[in-house]
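As structure tokens, the structure follows; a few thoughts come after it.
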Amino acid sequence: LGADTGFIAQNVYLYCASARLATVVRGSVDRAVLAKALGLSPHQQITLAQTVGYPKQAR
């Protein structure tokens, strides 16, 4: 599970780099709140969260 999570996160980073998007992996996330918001079943678990968005403009 951990290796698969890493592979998926890496692919998201690669896509974001090619699409000029920003991303960050977050290991510290309220898993219970996020699971409820996503409607996950009890056998599904969150290993990390990854935020994707537009990069902050350089000044």
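Residue numbers (the numbering used here): 2 to 60.
Glycine is no exception: its CB is placed at the ideal position from the N, C-alpha and C atoms.
Proximity to residue i [Cα-Cα], best of the options
i     : options             : result
Arg32 : Lys57, Thr48, Ala20 : Thr48
Gly28 : Ala10, His44, Pro43 : Ala10
N-terminal and C-terminal residue of the alpha helix (DSSP H) that residue i is part of
i     : result
Gln11 : 3 to 19
Val34 : 32 to 39
CB contact flag (residue i, residue j, <8 Å)
i     : j     : result
Val53 : Thr6  : no
Ala50 : Leu35 : yes
Tyr55 : Leu15 : no
Residue i beta carbon near the ligand GTP (any heavy atom closer than 7 Å)
i     : result
Arg27 : You won't find the ligand GTP in this model; it holds no ligand whatsoever.
Which residues DSSP lists as bridging residue i, in chain order
i     : result
Thr24 : Val53
Minimum Cβ-Cβ distance from residue i to chain B less than 8 Å
i     : result
Asp31 : Chain labels in this structure do not include chain B; a single protein chain is all it has.
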